[in-house]
Amino acid sequence: MKSVFKWTAFLLGVVYLANCGSPLRLHTDMLRYFAIKDCIELGCPPDSTAAKDYLPYGYTALLLVLSKAGLLKSWCIVLLNCIYLGGSLYFVVKLFRATTLPVYFFLTLVLLNWTTVKFAAHPLSEMQYMFFSIGSLYLFQLYTEQKRFLLLAGAIISGAIAFITRSVGVVLAVTLVAGFLWQYRKALLALISKNRVVVGIAVLVFIGVVVFSRQLGLNHYGGVFSKQFKEGLTVATMFRWHFTEWAEMGINISALKVEGYYPRAGILFLIAGILFFAGLIYLLLFRKNQVPFIVKVYLLFYSILMFNWPFYDPRFWVPVLPLVLAVILQYPLPRPGWRRGVTVVAFAGYMLLGVLAVGFFTYTSLNKKVFVRTQANGVFRNEYETFFYGKPTQDTARVIDPVILSVITRYDR
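Counting along the sequence shown from 1, when you hit position 28 you're at 66 in our numbering, and nothing is skipped either side.
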């Protein structure tokens with residue numbers, strides 16, 4: 039069975055690379071990143087939307103480097119995302135090397151998740167954040183074992199890059215501090231005295247974040263929260279969104295797609311999400327395991343922050359999906375009986391849906407006619423068809439956004 043999953047993981051890797059042939063996949067936030075990049079590189083009015091956008095500049099910096107190198111094309115972005123993803127999975131395997139993680143089964147589950155394949159092919163920050171955040175955890179774990187200052191410095195630097203890539207990376211600072219305190223809980227005072235430089239750097243970093251919070255885009259998020267709640271958002275709705283996101287990851291299908299066939303599916307996804315999340319908390323806090331302390335703390339803090347984020351999108355959880363699956367796989371199958379049967383059926387259903395998702399997504403990457411209808415649910419169909427065929431194929435098409443068309447024209451493969 040191990041060899042089966044080994045070859046399955048290898049073939050899935052090949053399929054992921056085949057998506058380098060995908061046209062440029064447009065997304066609302068992707069257009070914001072590219073607009074910020076153009077604003078920095080080509081200039082823009084100080085009162086323009088791009089100039090005032092609060093998205094962190096970490097991913098924009100990558101786009102700028104690729105642009106200067108003449109490599110800002112769809113194929114290169116997908117290839118880099120695949121490299122980021124591969125590196126992240128390597129870090130997770132190393133983080134859990136002292137545990138009973140079934141490596142190839144783990145890789146198969148991650149690569150078959152619909153959110154992984156979808157956002158590995160999008161010009162968005164998920165894969166970059168995943169790489170640097172999990173890399174930071176891995177380097178810190180190595181530091182706790184080897185006590186080498188360079189490893190701690192690497193963990194801090196990787197965490198900082200993750201933070202400027204996505205603001206949720208602020209939880210890494212809390213996680214590393216918690217891990218540091220836990221590691222040296224018996225000799226903390228002596229350690230502070232011996233490592234004044236490290237403590238001083240940490241204090242300066244904290245002060246810097248506070249002082250430059252406006253430049254880092256942190257102040258904007260208070261306005262985002264207040265605006266959402268003024269427009270009618272409730273805490274109950276926010277929790278319903280995020281539990282639904284958990285169900286979408288665990289069941290391995292978008293709730294919106296299911297609701298298109300069964301409108302009452304929303305309540306089922308909500309219940310499933312609550313059960314999935316409660317199960318993870320139980321495994322992290324109440325079951326004896328070998329999960330690294332730094333991983334437990336990070337998943338808990340990340341979840342707390344995300345459950346307070348006033349937007350709905352399963353991609354928010356993509357950067358922690360490998361860690362969640364690695365935690366779940368610490369526990370063996372139940373003994374023969376109905377529980378094992380249910381578990382086997384659940385994994386089989388997850389993988390079947392994953393195969394369908396990976397297959398369909400790759401098919402759209404390689405078939406322009408299907409791609410223009412399915413990408414972003416056809417929102418950008420007019421612009422794609424104008425680029426591919428010279429004009430929209432829909433008789434009802436009236437408006438072509440020149441900005442969106444320009445992005446496709448400049449950065450498609």
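All residues carry an ideal CB built from backbone N, CA and C; glycine is no exception.
Bear in mind the structure is a predicted one, so any value in this text is a computation, not a measurement.
Distance check for residue j and residue i, CA to CA, integer angstroms please.
i      : j      : result
LEU180 : ILE199 : 19 Å
ARG70  : LEU371 : 45 Å
LEU313 : TYR340 : 18 Å
PRO301 : ASP351 : 19 Å
TRP355 : LEU338 : 13 Å
LYS156 : MET165 : 11 Å
LYS111 : ARG353 : 22 Å
VAL206 : TYR427 : 40 Å
VAL52  : GLY397 : 12 Å
PHE134 : GLY217 : 16 Å
PHE169 : PRO161 : 15 Å
TYR320 : PHE143 : 22 Å
ARG373 : ALA384 : 16 Å
MET39  : LEU49  : 15 Å
PRO440 : LEU123 : 33 Å
GLY59  : TRP376 : 44 Å
LEU271 : TRP152 : 28 Å
THR381 : ARG204 : 35 Å
LEU100 : PRO330 : 31 Å
GLN413 : LEU64  : 8 Å
ILE446 : LEU242 : 43 Å
ASN57  : GLU297 : 28 Å
LEU219 : THR182 : 11 Å
MET68  : MET344 : 20 Å
GLY108 : ILE309 : 48 Å
LEU294 : LYS406 : 24 Å
ILE342 : ALA89  : 30 Å
ALA386 : LEU117 : 29 Å
ALA191 : PHE178 : 9 Å
VAL365 : GLY317 : 11 Å
GLY379 : LEU93  : 46 Å
ILE195 : TYR299 : 47 Å
VAL221 : GLY125 : Val is not the amino acid found at residue 221; the sequence shown has Gln there. Roughly 26 Å separates the two Cα atoms.
TRP347 : LEU390 : 31 Å
TYR95  : CYS77  : 12 Å
TRP394 : GLU286 : In the sequence on display, residue 394 carries Leu and not Trp. Roughly 15 Å separates the two Cα atoms.
MET276 : THR87  : 27 Å
ARG448 : VAL208 : 34 Å
GLY81  : LYS106 : 15 Å
Cβ of residue i within 9 Å of Cβ of residue j?
i      : j      : result
PRO357 : ILE172 : yes
ILE332 : PHE307 : no
LEU102 : ASP450 : no
GLN432 : ASN415 : no
PRO140 : LEU359 : no
SER174 : ALA193 : yes
GLU283 : GLY311 : yes
PHE187 : TRP279 : no
ILE115 : LEU104 : yes
LYS75  : THR46  : no
ASP85  : ALA73  : no
THR154 : GLN328 : no
LEU145 : PHE281 : no
LEU210 : GLY197 : yes
LEU361 : TYR388 : no
ALA159 : PHE418 : no
Taking only beta-carbon positions, decide if residue i is within less than 9 Å of chain D.
i     : result
GLY51 : Here there is only one protein chain, and chain D is not present.
Sorted by chain position, which residues of the same chain lie with C-beta nearer than 7 Å to residue i's C-beta, five sequence neighbours on each side aside?
i      : result
LYS334 : LEU322
THR424 : PRO430, ILE438 and LEU443
LEU55  : CYS120
VAL212 : PHE339
TYR176 : PHE129, LYS132 and LEU133
LYS185 : none
GLY392 : LEU150, ASN151, TRP152 and ASN290
Say yes only if the C-beta of residue i is nearer than 8 Å to one or more non-hydrogen atoms of the ligand GDP, and no if none qualify.
i      : result
PHE218 : In the structure on display, the ligand GDP does not appear, and there are no ligands present to speak of.
By Cβ distance below 8 Å, which residues in the same chain neighbour residue i in space, the five residues on each side in sequence not counted?
i      : result
ARG325 : TYR369
Which same chain residues, not among the five before or five after residue i, have their C-beta less than 6 Å away from its C-beta?
i      : result
THR402 : VAL408, PHE409 and THR412
LEU147 : LEU363
TYR167 : ALA200, THR203, ARG204 and PRO357
PHE315 : TRP284
TYR422 : VAL410
Which full runs of the alpha helix (DSSP H) of 4+ residues lie inside the region 347 to 387, going along the chain? Within the region 347 to 387, complete alpha helix (DSSP H) segments of at least 4 residues are found at 359 to 366, given in chain order.
If you scan the region 317 to 352 from start to end, which runs of the alpha helix (DSSP H) of 4 or more residues do you find wholly inside it? 331 to 344
With a floor of 4 residues, list each alpha helix (DSSP H) that falls wholly inside the region 67 to 113, ordered by position along the chain. 87 to 90 and 96 to 106
Contiguous beta strand (DSSP E) assignments of at least 3 residues, all confined to the region 155 to 218: none
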